[in-house]
DNA sequence: AAGATGAGTGGTAATTATTACTGATACACT
DNA sequence: AGTGTATCAGTAATAATTACCACTCATCTT
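Protein chains in written order, with our numbering: chain A, 1 to 136; chain B, 1 to 136.
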């Protein structure tokens, strides 16, 4: 979004960015759409997708390709890891120190040009755990 | 597939399993379908999906929820990490020692019941790198 | 200020991956 | 052989995402 000077900071982009910045929940495109629609009721879902994609390409937000069926987006771009609830699907940050060195390790043993890595933990979040208890 | 005794080892399941075992390429459901179809031309895509899902639930194969748009499947079930080519999308194993201990670390600092983790490296595979060179 | 240019938008259609449904098979057990 | 049920092939339906297109609106040019 800052890469090409022709790229405009439209109202839609500004609000998408603001709303994404308000939450720490790694919303899906549809969830961002719902959030943004409260302020811009006529915005199109395609606009949200297009701009989330664009912003992630230019690096001002993060696109999370975690498990589950939907992509998720994150306004926090400094490297960090995630944990996903296998029951409800939500994704939280997890404060494990980032291992910068394993990229080099990976580069040494593979034929790939290694560009990055991501760790995704999986488990059951406390809410889902509580719900499961309640049923028993 | 060995969990419930009612579950039959049909020809379809046997061949899906055999074909998946032959490759190390983490094929998508569609790729498995193509492989299997050479031996069982009349098999349905739904059957492939159904059985891959089933086998991953019972733990005899692994379902990889890596980046990209498709799920991938792996006959190697012992824990290991993966690297994905950002250019062509293929997924390879990467021989980095599995860190059993970080699950505990994660459990300590999060409210989740941590069940596992997966590391996905991303980069450019040697083939794509070569192709890029050729263009320049 | 008016017109041209082109990025961006909203609405909708199309695509892709996956799942669900359905009637037909085929095995297992009597 | 007859019945019950798992599984199948084929197809329809769903979900997420992307593509398309006519129109809007900044920005630039005269």
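We put the CB at the ideal spot given by N, CA and C, even for glycine.
Please determine, among the options, the residue with the shortest C-alpha to C-alpha distance to residue i.
i, options, result
"residue 39 (chain B)", "B:134, B:17 and B:59", "B:17"
"residue 111 (chain A)", "B:81, B:52 and B:123", "B:123"
"residue 42 (chain A)", "A:129, A:58 and A:15", "A:15"
"residue 102 (chain B)", "A:31, A:115, A:95 and A:132", "A:95"
"residue 65 (chain B)", "B:32, B:26 and B:45", "B:26"
"residue 20 (chain B)", "B:10, B:87, B:47 and B:52", "B:52"
"residue 127 (chain B)", "B:90, B:119 and B:118", "B:90"
Kindly indicate if chain A contains any beta-carbon less than 9 Å away from that of residue i.
i, result
"residue 2 (chain B)", "Unreliable positioning characterises residue 2 (chain B) in this predicted model, as indicated by a pLDDT of 41, which lies under 50. A coordinate reading is not provided."
"residue 121 (chain B)", "yes"
"residue 85 (chain B)", "yes"
"residue 110 (chain B)", "yes"
"residue 61 (chain B)", "no"
Taking only three categories from DSSP, how would you classify residue i?
i, result
"residue 91 (chain B)", "strand"
"residue 2 (chain A)", "Because the pLDDT at residue 2 (chain A) is just 40, under 50, the model does not fix this residue reliably, and the value given afterwards should be weighed accordingly. Residue 2 (chain A) falls in the coil class under three-state DSSP."
"residue 109 (chain B)", "helix"
"residue 28 (chain A)", "strand"
"residue 84 (chain B)", "strand"
"residue 72 (chain B)", "strand"
"residue 38 (chain B)", "coil"
Could you give the first and the last residue of the continuous beta strand (DSSP E) run that contains residue i?
i, result
"residue 122 (chain B)", "113-124"
"residue 16 (chain B)", "Careful: residue 16 (chain B) lies outside any beta strand (DSSP E), inside the alpha helix (DSSP H) at 11-22."
Does the Cβ of residue i have 16 or more other Cβ atoms within 10 Å, making it buried, or fewer, making it exposed?
i, result
"residue 62 (chain A)", "buried"
"residue 84 (chain A)", "buried"
"residue 98 (chain A)", "exposed"
"residue 10 (chain B)", "exposed"
Check whether chain B comes within 9 Å of residue i, counting only Cβ atoms and requiring the distance to be less than that.
i, result
"residue 19 (chain A)", "no"
"residue 23 (chain A)", "no"
"residue 105 (chain A)", "yes"
"residue 114 (chain A)", "yes"
"residue 78 (chain A)", "no"
"residue 26 (chain A)", "no"
Identify the continuous alpha helix (DSSP H) that holds residue i and give its terminal residues.
i, result
"residue 50 (chain B)", "45-58"
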